[in-house]
Each structure stands twice: as C-alpha cells, then as structure tokens.
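Participant:
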Amino acid sequence: MQNSFSSAYDRKGESYALRLSAGYIDTLKSWYVTPASASALRSGGAGKVSDTPASSLNSEAQLTLPEVLPRHSLTGGLSYRFSEAETSENNLADWRDEQAKGALTYRAGGKNADVGAYLQDEIRLHDSLTAYLAARGDWWRTYDGAAQQPGTAGYPVAYAARTGSALSPKASLVYNPIEKTTLRASAGRSFRSPTVYELYRTWTSGTKVYQGNPDLDPETVDSWDAGVEQRPWQGLKLGAVYFENRMKDLVYRRTVNASLLIYENAGEAFGKGWEFEAEQVFGTAGRLFANLTLNDAEITRNPASAASVGKRLQDLPEKMYSFGGDLKAGRFSFGALGRYVGKRWTSDANTDTVDGVYSSRDPYFTAEARAGWSPLEGLEISLAVQNLFDKVYYDYYLAPGRSWFAELAWKL
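Quick note on numbering: my numbering labels position 177 of the sequence shown as 177, and the sequence is numbered without any gaps.
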C-alpha cells in the first residue's frame, strides 16, 4: 500500500526561468510471507511475515539565467532528498494469515538525507560549438540506524551516524559541423550514496538471506563518452555513443556462501559499452524506433572477494535492445513494443549459470501492445496486453504470463 504526492511550479520571465518541484512517497505496507520450514504445507504451517514501511522525499529548486553574460547561460539549483525505512519480522502460527502476528524476531531501520548544490555554465563558443562546465556538491548523512533481534547476543544495536561529501565536476562539448550532424563528448564524476535499503534492510527469499550493511560507503564513478547524431532526412534520427566508466567503492552484493549475500563496497570496477538508437517520426501520424545497448563491465579489484575479480557486474546484462512503434489514425491510437534483456548475474563470482529456475535471472524477450479509442475530446478508452506471447521466464521470481489491462482516462 503506497501513497504518492508530487507538485511542480514553473515561472518564466524575460531574463530567468524558475522551477520548483517536490515529491513524497509514503509506503504504508510492503510485506511478504515465507514458510518457517519445509514442514509448512499449502494447507498451513508456521511462517514469518516481513513488513517494510518506508517514506521518501525528493525536492529541487532550479534557476536558469539565459543571458547573464554574453554567450553564457547559467543554471543553478539546490536539492534535498530524505528517505527512511524500517523492517520488522514476526512469527506466524499459520503462514497464510499475515494478520495474526506473533513474537517479533527481527527489526532494523534507519534514515538517509542528502543535500546537493549544482551550477552549470553553458558557453556558446561559436554558432556551431557549445561547451558546458558544471559542478555539483553533495553532503550525505545516515543516522538513527538500529537493529533488534530478541534473544540474540549483541542486540539491540544502535549504529553511529555517518556523514560524507563529494564534489562532482563535469565538462562537455556539442559540435554541429554541418546542419544534419551533431557530435558530443563529455567527461565527469558522479557520486551515489548508499540507499537506506542497502544500509539497513535484511530480507529472506527461499533459502537465501540478503543482508544490508550499515557500514557501506558512497560510490563514485569517473566516466567519459563520445557520440554522434545524424539526421539524414526529415524525421529520421540515428545515434551512436561509446562510453567508459571507472567505478570506486562500488556497492554490490558479496556472496558469502550459498545462503548469505551481503552488501559490500568493491574496490574498483571498469565498464565500457555502446548505445545505438534509430527513430523515424512520421509527422503527427506516428513513429518507429529501435535501440541497442552493449555493456562490458567487470570488477577489477576487490579485497573483500578475490573470486569476484574479473567477473561481470551483478544485475547488468551484456545486451539489451527494444523496438516498436506508435500510430495515430483519427480517434484511434495503436502502439507495440518488443524488448530483450540479456543474462544477468546474482552471484558476484558469476556461478549462477542455470536458467529457468527460481532465483535465476534469465535472458528474455517480451512484447506488449496497446490500442486506444477517443470518442470525445479528453476521453480515451484503451486495452493493453503485456507479455503478448506468454513467455515463461524467471526474473528471480517467475515472471507474470500474458496479462490484459483496460483503462478509462478522462483529462479535464
């Protein structure tokens, strides 16, 4: 059960543009039930219920001064992010009745806050050449972390508050040598603090325990990319980008043994790849599109797990692609999408090679389609189908089969 709220305010003047935005998500309940042992049957038996209520706030204020200096446009802003979560596990006499909670067996939670400030200068060096210089500062704090496991030595535990900061610069160039060609290149550093789930949430799935780590450090990425965009004729756009990422203190799940995975900071990782895209727009009648992403990323140094060095990063497919189209004909609209996601690894040593079973990350291709009819202005009736060909695959859990959705939308 989740409530979400968002708002935005935009105002433009002759010499400025202001945007304010905020979003709040309140997850009242996020629970699952697991049998306590193999003796539990479909007809009942002891179990456990895990519930993780959480909330998050994201807010940002951005000001753009398009002509603060000749050939310069400045954009600056402030952001604030907050998140908190708490997981509780309770015994159940009957795993089918999640309301009849028994004794508390585990509780853990904490809070995160991040304040950011950024400034970008867009510099028109020439009519065909634009440079962007930017910097962002982040100040991160995690606090109120605690864990309780009744009856276990060493609990309850209160984790000390920790703080961190980072400066992330970035520079890029955009060059238009001829009317239909755009060349781009950029380099910079990015910063990501660990989430409240990575820090404090521990959960069980089947025989495996996925454990949070309150001692995680933020991760940083030094990256660069270069690409080209070509528009050979009206409505057609072709693009290609090459990129490289050098990651430090990468947050990943270390496989301790067959039943325990824990979040850790890997020493270093390196990734490179390509992104290709093509899109043909047919005026207001519709469009066709396709894209392909190729990733080659591996851990290069990791004192915490020598077996992971040289192995591919978790949850990152080597290949992804999608293609589809949209069509509008009078009051009718149609859309179709095909999507492929390659094999991903759960184990940091890439030992989970078997597909088609519970907890595997299978390569898969799925298709979806949608048809809509608008009998009146602002009113649309639509029918959509996901997993059109009813493919059977596992994305850790068994993926849903063919699913149909009907929607009635009225825009005032």
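Idealized CB from N, CA, C, for every residue including glycine.
#1: Could you give the C-beta distance for residue 62 and residue 77, rounded to a whole number, given that I count them as a contact under 8 Å?
#2: Within a Cβ cutoff of 6 Å, which residues of the same chain sit near residue 335, ignoring the five residues on either side of it in sequence?
#3: Less than 8 Å between the beta carbons of residue 300 and residue 268, yes or no?
#4: Give the straight-line distance between the Cα atoms of residue 15 and residue 188, rounded to the nearest whole angstrom.
#5: Taking all protein chains shown into account, do 16 or more other C-beta atoms lie within 10 angstroms of the C-beta of residue 257, making it buried, or fewer, making it exposed?
#6: Looking only at C-alpha atoms, which of 36, 85 and 59 sits nearest to residue 53?
#7: Okay, do the region 371-391 and the region 342-351 touch, 3+ Cβ pairs below 8 Å being the bar?
#8: Beta-carbon separation of residue 74 and residue 121 under 8 Å?
#9: Report the rounded CA-to-CA distance for residue 241 versus residue 260, giving the unit in angstroms.
#10: Which residues bound the beta strand (DSSP E) around residue 115?
#11: In this structure, how does DSSP classify residue 423 when only helix, strand and coil are distinguished?
#12: With distance defined between alpha-carbon atoms, name the residue in 355, 286, 130 and 408 nearest to residue 236.
#13: When the Cα atoms are used, what is the spatial distance from residue 400 to residue 321?
#14: Determine, using beta-carbon pairs with one atom in the region 109-117 and one in the region 175-184, whether at least three such pairs fall under 8 Å.
#15: Which residue wins for smallest C-alpha separation from residue 317, given the options 407, 146, 294 and 210?
#16: Identify which residue in 136, 351 and 49 has its Cα closest to the Cα of residue 104.
#17: On the criterion of 16 or more Cβ atoms from any shown chain inside 10 Å, does residue 413 qualify as buried, or is it exposed?
#18: Determine the closest residue to residue 364 out of 29, 387, 353 and 66, with distance taken between C-alpha atoms.
#19: In chain order, what are the residue ranges of uninterrupted beta strand (DSSP E) at least 3 long that sit wholly in the region 263-303?
Facilitator: To lay it out plainly:
#1: Their Cβ separation, rounded to whole angstroms, is 4 Å, which keeps residue 62 and residue 77 in contact under 8 Å.
#2: 326 and 370
#3: yes
#4: 29 Å
#5: exposed
#6: 85
#7: The region 371-391 makes no contact with the region 342-351: fewer than 3 CB pairs, one atom from each, lie closer than 8 Å.
#8: yes
#9: 38 Å
#10: 101-126
#11: Lying outside 1 to 412, the shown extent of the chain, residue 423 is not represented and no answer is given.
#12: 286
#13: 20 Å
#14: no
#15: 294
#16: Among 136, 351 and 49, the Cα nearest to that of residue 104 is on 49.
#17: Outside the displayed span of the chain (1 to 412) sits residue 413, for which this structure offers no information.
#18: 387
#19: 286-301
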